[in-house]
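Numbering (my numbering), first residue to last: 611 to 771.
Encoded structure:
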């Protein structure tokens, strides 16, 4: 069953966010209240010291917040205008990282999302330690350009509304 869930997450991520897919991230849950996923730390997403690259944590944070904000705004165009991230602990090569984005404020023009990344203990999936915490501020309620009218189609296919 886990293998089927992973394959489904891979397809979902490939459909929704090419950069996340390229680093091996797997989107799991998508709703206007929460976006989650996971990442195995591999050479593809590590810095030379064999720990998760901070830029990868930032990419995950902005991407998950943007997906959630796009849904919460009724599929309006959104744009990140501020990202503040604190790197608290390292995730090493081979670790499993779980990410969750949740809204702090869902205004009509400005949304603020909090995104947390945790390292999961392989011997006890309930045990986790915070790797990074970020706030993403997004400008919302912008019209979608004509050439990108299909931007929300993938989300409509996978989101829990």
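For every residue, glycine included, the Cβ atom is placed at its ideal position computed from N, Cα and C.
Taken atom to atom, the span from the alpha-carbon of residue 761 to that of residue 755 is near 10 Å. Where residue 680 is concerned, the enclosing alpha helix (DSSP H) starts and stops at 664–682. Annotation for residue 713: no alpha helix (DSSP H) segment contains it, though the beta strand (DSSP E) segment containing it runs 706–716. Between the alpha carbons of residue 704 and residue 674 lies a distance of about 22 Å.
Linking residue 631 to residue 646 through their CA atoms gives a straight-line distance of about 14 Å. The C-beta of residue 721 has 16 or more other C-beta atoms within 10 Å across all chains shown, which makes the residue buried. Annotation: residue 626 to residue 680 spans about 12 Å, alpha carbon to alpha carbon. 8 Å or more divides the Cβ of residue 696 from the Cβ of residue 747. When secondary structure is reduced to three states using DSSP, residue 740 falls in the strand class. Here residue 763 carries a helix assignment [DSSP, helix/strand/coil]. Around the CB of residue 734, fewer than 16 other CB atoms lie within 10 Å, so the residue is classed as exposed. Around the beta carbon of residue 729, a 10 Å sphere encloses 16 or more other beta carbons of the protein chains shown; the residue is thus reported as buried. With contacts defined by Cβ atoms closer than 8 Å, residue 651 and residue 702 form a contacting pair. According to the DSSP assignment, residue 655 belongs to no beta strand (DSSP E), since it is labelled neither H nor E. In the three-state scheme derived from DSSP, where H, G and I count as helix and E and B as strand, residue 621 is classed as helix. Taking C-beta separations shorter than 6 Å and ignoring five residues to either side along the sequence, the partners of residue 677 in its chain run 645, following chain order.
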